[in-house]
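If you're matching positions, the sequence shown starts at 521 in the numbering used here and goes up one per residue.
Ideal Cβ positions, reconstructed from N, Cα and C, are used throughout, including at glycine.
Being a predicted model, the structure only gives us computed values, none of them experimental.
Shown next, in structure tokens, is the structure this report addresses.
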Amino acid sequence: MNRFKASKFRHTEARLPRREAWIGGIRAGSVTPCGNQVQASCHWIAFSAEAAGVLGIVPLECEDGGKRTVSQLCCHSDVVTDFDFSPFDQLLLATGSADETVKLWRLPGSSQDMPSSAGLTLGPGGGPVDVLKFHPTADGVLASGAGKQVTLWDLGQQQPLTALSPHGDQLQSLAWKRDGCLLGTSCKDKKLRIFDPRASPAASQSVPGHEHNKDSRLLWMGSSDCLISVGFSQMREREVKLWDTRRFSGATLTVTLDTSPGAAIPLYDPDTGLLVLAGKGENLLYCFEAAPAQPALTQVTQCRTEGSTRGLATVPRLALDVMACEVLRVLQLTDTAIVPVSYLVPRKSIQDFHEDLFPDCAGTLPATSAQAWWAGDNQQVGRVSLHPAQKPTETFTSPVIACARQQESSTGPADTDTDRSEGSGYSSPSSLASPGSATTSLSASTGPSSGFASSPSQKSLQSILGPSSRFRHAQGRVLHRDSHLSNLRGLSLTTPGESDGFCANPRRVALPLLSAGGQIAVLELSKPGRLPDAALPTIQNGAAVADLCWDPFDPRRLAVAGEDAKIQLWRVPEEGLRETLREPEAILRGHTEKIYSIRFHPVASDLLVSSSYDMTVRIWELSTGREALRLQGHTDQIFSLAWSPDGKKLATVSKDGRLRLYEPRSSPQPQQEGPGPEGGRGARLVWVCGGDYLLVSGFDSRSERKILLYRAQALPEGPLSVLSLDVAPSTLLPFYDEDTSVVFLTGKGDTRVSLYEVTPKPPYFLECNSFTSNEPHKGFVFLPKTMCEVREVEFARALRLGQSTLEPVAFCVPRVKKEYFQDDIYPPTRVWWEPALGGSAWLAGQDGQQLRASLQPADMTPVSEAPKEAPARKFVPAAVYLEEKSDEQKKEELLSAMVARLGNRDDPLPQDSFEGVDEDEWAKYLAQIILVGAQVVGRAFVRALRQEFAASRAAADARGRSERPQSAAASRIIGISLQEAQQILNVSSLNPEEIQKNYDHLFKVNDKSVGGSFYLQSKVVRAKERLDEELRIQAKDQKEKSQKAET
């Protein structure tokens, strides 16, 4: 385009499709700062789904004119931050995540099951992966950005080619030049950088970019030396800048768009020169034609869509409908749909191929390999014609992921997968199950979570929403105060972090006291109430208590480890502690330093293991009082130890950042070692998933609490998944329920107990409802499964130690049919109170397995055997009664019904009430509720916003009458008066520094990510705009006055 020649794209129009052409039935994920949230190849569309670590996959084109099927790809254990399709292999997808890994996936060629495992995994790296971009000319080269670092990977060799020099702040975007020679980046330090990776890891050019450090993007304009950047000015105005690397001292053109707060997503087509811009959270698409030679940026058209933009992507040119003169197709990701927007150039003839609109484009065959490119090969990708009769038919398959491996991982008994998905401990589509896997199920449950087989409509919802736990609605509640122990005095709250602080069995609880001499109070759980003010009989241990533990096979025997390096065994009388005990039953001596942890053997009687600061782990045979085995190999303090469920192995985690796995009867040295948590503040571990996996809680180098999942047979490979929780000083204490595969996590001094269902397949951790208490707890210990009230669907019970009380906490699953025994939640449980063999037999090499017992009461019928009832009621279609009522009546009735259903937490869950309803009726009713409810709430929300704006404008008009004419005009335009703006920003005078300081603080504290609201943020922004305008008016008046004074 030049000033003397009209552009052939000047009449380009954006055409929105009918709703039938939308890709609906999706749930888009939350917007992350980086990435476009949606990408497309010639075969597939990938988008961020609502579930963390999951991508939605849908075909680009309908098959045989039918509806598209949305599939789920479980990629990572944390949020997927960015992803990109290979420009050559249309089935190769790279994903990056906050779990610090990059994974490569080969998608199927047609509507087959998605792969269950990645073909290639890179990392973990030095932080969450922010951006990914394939090389435009060489196959197998991928650029990834994490934090301040950019790494170039050779995917074939599975190793980095180079790491570029660190940036000054958080990386925001990166882009390859079309010829593949240079790489450009934008950063939060407000600078744009150009790298020649093969020449030097340092930036060859650098220039200040946009004046505000809010999200900025950078794009190359094809193979030219020009770039496009999108960002914010110092006044928070969105702007587009054109740059020329030959004159990189400043932008050649700056165009201000608007003052919208949403970060702009730019898409540039180098073959047409069209630039499409859309703001996150907005419904307006801009289309410009960029001419870097002028330089000029000319608006071609703009399009307003129905839904707000969450993500944006272009379709490859080879997939365009060239005979309809479609020069560009954009995919807009909204909350519930993907909307394809076509950009068409009107032509009289639509039966001819217009070569002027569709020049040859880059093909799908790479020009070179990763090693050749790195050695200096600059060959360019061959160009192909878009003429329908000349389109290339050959396809390229990257050798990065071997096809044979993919075929092997995607074959297996389909029937087995289907059965596993219906009977597993978590709800997920069958395509998410690992085919042919022989891994033991996480839960011993064999029935579906509702007691009935899942209906097709429920399975379709699962495929849309992604995997979820059947315990996601679990509720924790403190039992009635009649069951509390209160008036606890003199409790010791300084037990080491390696100890739980107190211990309990079904009959008694042992609490260390603050008194001298290592006193321990033993209270009977069968006698709740307020304790007397007088002193209670105690156990006189003689030394400060480091850890204590009840014998699971003898409820009267208590083992106490002291800081004097001794272990004392005490026997509590059958009727309870009536007088002070001063003489232990036995004393175990051998450790030379303070003891940290003691644990009884889970299967064999009279066996106890202890760990000490002398760096040894010792196994004691209590029947003889001797040290039977001693394990070595530690180089620093041992934080935690745990027996495997079968009692054959012992795992430890220590301060040297290592996990160790022992087979005590085979060798005193560790069988395996692997990397543990980075932080040295404390760690805990527990066996999960039938003893096949280890879950470790600890800290990272930034003192953030995390949980890590390891395969017990592959500790050197590192964690399968890492999940960040929060920042707190206390170590997370994990308790794992082997019957439900739910892990409970809390720390001393916390007020929250987090629940996760652990699965052996991605995403590994399925979040459930958490339990929150009013005050911090000093300890949290769980009781055996036999203490649960199965008639109330209670699957775990714990004791919460407060400042002066001990409260039982019950964790229940809401169910409608409580009259039935929920056998999907209560499989036969281990008979933990009976040993499988004696300690001497175990030391001699024998193994035993404990029996299992059912928790089913004699007068209850399993829910799996409950008769399937006929539909109790038929729901009247919404259209029947909506036709006879006014709009106001419709809104009032629907909103009242929705609020009533959400108001009472104790009400049965809506999804549980669908049991016994016909599948067709269930799906129809759910669709009606979603459709009508969304329409009503949407209209009410829009009307409320209009009323609020009108009220603000009226108030500004009223207050503006007393202001100067220019100031009053500004108040009417912005919709807020000067006085109101000063009150919002809490400033008494128009001091620019004070205004900016208060604005930055109020904008930050009202951010959505920290619990604020967009409404309050908008108020702050409008107040800042009003005060800035007033400062400008005052400066102008002052200038005019000075000019008059001079004349």
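- Listed in chain order, the non-local C-beta contacts of ALA541 below 7 angstroms within the same chain comprise PRO860, local neighbours out to five positions each way being set aside.
- The straight-line gap separating the alpha-carbon atoms of GLN669 and ALA683 is approximately 7 angstroms.
- Apart from sequence neighbours up to five positions away, the residues of its chain that approach GLN1157 with a beta-carbon distance below 7 angstroms are TYR1133, SER1174 and LYS1175, ordered along the chain.
- Assignment of ALA892 by DSSP, reduced to helix, strand and coil, places it in the helix class.
- A distance below 9 angstroms separates the beta carbons of SER591 and GLY576.
- In the three-state reduction of the DSSP assignment, PHE1534 falls in the helix class.
- In the structure shown, CYS1209 falls within a helical segment according to DSSP collapsed to helix, strand and coil.
- At a Cβ-Cβ threshold of 9 angstroms, GLY1211 and PRO1165 count as neighbours.
- Only buried fits GLN557, as 16 or more other CB atoms lie within 10 angstroms of its CB.
- Under the 10 Å beta carbon count, THR1251 is surrounded by 16 or more other beta carbons and is classified as buried.
- GLY700 is classed as buried because its beta carbon has at least 16 other beta carbons within 10 Å across all chains shown.
- If the five residues before and after ALA839 are omitted, its C-beta is found closer than 7 angstroms to the C-beta atoms of CYS562 and LEU580, all from its own chain and listed in chain order.
- Annotation: the continuous alpha helix (DSSP H) that includes ASP1520 extends over 1512-1525.
- Residue state for ILE1504 is assigned as helix, using DSSP reduced to three classes.
- Judged by their CB atoms, LEU797 and GLU809 are not nearer to each other than the 9 angstroms cut-off.
- Pairing PHE1300 with THR1260 gives a Cβ-Cβ distance that is not under 9 angstroms.
- Check the Cα spacing between ILE1059 and each of PRO1072, PHE991, PRO781 and LEU1097: the tightest is with LEU1097.
- Distances from the alpha-carbon of TYR1276 to those of SER869, SER617, GLN995 and ASP716 put GLN995 closest.
- Inter-segment contact for the stretch 1082-1092 and the stretch 1359-1371 is absent: fewer than three beta-carbon pairs are separated by less than 8 angstroms.
- The continuous alpha helix (DSSP H) containing GLY1359 extends over residues 1359-1363.
- THR621 places its beta carbon 9 angstroms or farther from that of GLY646.
- Going by C-alpha positions, VAL1123 is about 9 angstroms away from GLY1359.
- The C-beta distance from PHE608 to ASP689 rounds to 33 angstroms, too long to meet the 8 angstroms contact threshold.
- In the DSSP assignment, PRO1387 falls outside any beta strand (DSSP E), carrying neither H nor E.
- For ILE1515 against LYS1544, the beta-carbon gap comes to about 7 angstroms, under 8 angstroms, which counts as contact.
- For ASP778, DSSP records a beta bridge to ARG758.
- Cβ-Cβ distances below 8 angstroms link GLU1094 to ARG1076 in the same chain, with the five nearest sequence neighbours on each side left out; the list follows chain order.
- Each residue's CA atom was taken as its position, placing ALA1356 and ASP1343 some 25 angstroms apart.
- Here TRP673 has VAL622, LEU642, VAL661, LEU662, ALA663, SER664, GLN679, PRO680 and LEU681 as same chain residues with Cβ atoms under 8 angstroms from its own Cβ, once five neighbours each way along the sequence are excluded.
- Judged by pairs of C-beta atoms under 8 angstroms, the stretch 870-887 does not touch the stretch 821-830, as fewer than three such pairs exist.
- Pairing ALA1106 with PHE1159 gives a Cβ-Cβ distance that is not under 9 angstroms.
- PHE1534 counts as exposed, since fewer than 16 other beta carbons sit within 10 angstroms of its beta carbon.
- With 16 or more neighbouring CB atoms inside 10 Å of its own CB, GLN610 falls in the buried class.
- Between the alpha carbons of LEU864 and PRO537 lies a distance of about 12 angstroms.
- For GLN1189, same chain residues with a beta-carbon under 7 angstroms away, outside a window of 5 residues either side, are GLN1152 and GLY1153 in chain order.
- The residue among HIS655, GLY676, HIS531 and ASP650 with its C-alpha nearest the C-alpha of GLY667 is ASP650.
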